Each structure stands twice: as structure tokens, then as C-alpha cells.
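Okay, so here's the structure we're looking at.
Numbering (our numbering), first residue to last: 151 to 216.
Here is the structure:
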């Protein structure tokens, strides 16, 4: 399956499988983040964690404490 590039707020980049969700990204970053994640911000828009990511998206994952 094809890979997509996702950019994080710290300037780092992650490669994920096409069709990956914001939750998949959180799991890829860390299991703890996946457990604590509440929503994601994708290209400036707040979305739920089931949002399917696209190549080149800028993403920030928010936890309940944020």
C-alpha cells in the first residue's frame, strides 16, 4: 500500500500507510499518546481521531489535559 507523509507541529515528519487515521498517527507516535488522545487538529481544523489523513497534512494531537 502507498505511504503518505504527515507533518507534526514540532517540524518532524511521519510516514504512514494511505488510509491511516489520526488515531493511527497517535499510536505510531506512542502507545501512551494513543490512550490519552482526545482530538486532532489537521491543517488548522479540529477533527475526531477517526479522521482519515491525507498526504502532506499538518497534524497536532491533543490530549484531555491540553
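Heads up, the beta-carbon is just placed ideally off N, CA and C, and yes, glycines get one too.
Please read all numbers here as calculations on a predicted model, not as lab measurements.
Looking only at its chain, what residues have a beta carbon closer than 7 Å to the beta carbon of residue 178, apart from the 5 residues adjacent to it on each side? 164 and 166
Nearest residue (CA-CA) to residue 160, options 209, 214, 176 and 152: 209
Just to confirm before moving on: does the CB-CB distance between residue 154 and residue 190 stay below 8 Å? Against a cut-off of 8 Å, the Cβ pair of residue 190 and residue 154 comes out as no contact.
Neighbourhood of residue 197 by C-beta distance below 6 Å, restricted to the same chain and skipping five residues each side: 190
Going by C-alpha distance, which of 194, 151, 188 and 201 is nearest residue 216? 188
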